[in-house]
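Asker:
Residue numbers (the numbering used here): 474 to 624.
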């Protein structure tokens, strides 16, 4: 009986020693979606950049990692034109630190059905709770939105 108990305790200690020290995931998924719910408008998002940080407000004193390397950006297009998808999801792995905050920038262009073009931008610095972060950037029409999600 003592042998089984000792073996069980050793396995438990080994499991705890190999588990990561942080509860929050280090890898996050970033989703960008362009949606027009009514009419013939086309909305696009481009020049999207995302930085994940180990501080809730992405202060300069903490660690950070840019999710898009070499100046690449993620884009979406509500009409799926020019090979740009309606929605795109990409991973971002900031290991080895626990992700507590982020900075995002999204430029939007709304091509309204009346021919008007409306430009917008979303710059947000925030903290990531256990469920991530979600926001909509509206431009031009209440029916058009660009959704930005970090999970």
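Using N, Cα and C, we set each Cβ at its ideal position, and we do this for glycine too.
Report buried or exposed for residue 495, applying the criterion of at least 16 other Cβ atoms within 10 angstroms of its Cβ.
Answerer: Any answer about residue 495 is weak, because its pLDDT of 44 lies below 50 and its placement is not dependable; what the coordinates show is given next. Exposed.
Asker: Which value, in whole angstroms, describes the spacing of the CA atoms of residue 511 and residue 621?
Answerer: Their backbone Cα atoms lie some 20 angstroms apart in a straight line.
Asker: Along the chain, where does the beta strand (DSSP E) that runs through residue 531 open and close?
Answerer: No beta strand (DSSP E) holds residue 531; DSSP gives it neither H nor E.
Asker: Using CA atoms only, rank isn't needed, just tell me which of 516, 570 and 538 is closest to residue 523.
Answerer: Closest by alpha carbon: 538.
Asker: Measuring straight from C-alpha to C-alpha, what distance separates residue 607 and residue 558?
Answerer: Taking the straight line joining both Cα atoms gives about 19 angstroms.
Asker: Provide the residue span of the beta strand (DSSP E) that contains residue 502, from first to last.
Answerer: Residue 502 -> beta strand (DSSP E) spans 501–509.
Asker: Tell me, to the nearest whole angstrom, how far the beta carbon of residue 591 is from that of residue 562; I am working on the premise that it is less than 8 angstroms.
Answerer: That pair is no contact at about 26 angstroms.
Asker: Using only alpha-carbon positions, find the residue among 534, 600, 602 and 596 that is nearest to residue 609.
Answerer: Nearest of 534, 600, 602 and 596 to residue 609, Cα basis: 596.
Asker: Cβ atoms of residue 551 and residue 579: under 7 angstroms apart, would you say?
Answerer: No. Outside cutoff.
Asker: Quick one: grab the DSSP three-state call for residue 599.
Answerer: If DSSP states are grouped into helix, strand and coil, residue 599 belongs with the strands.
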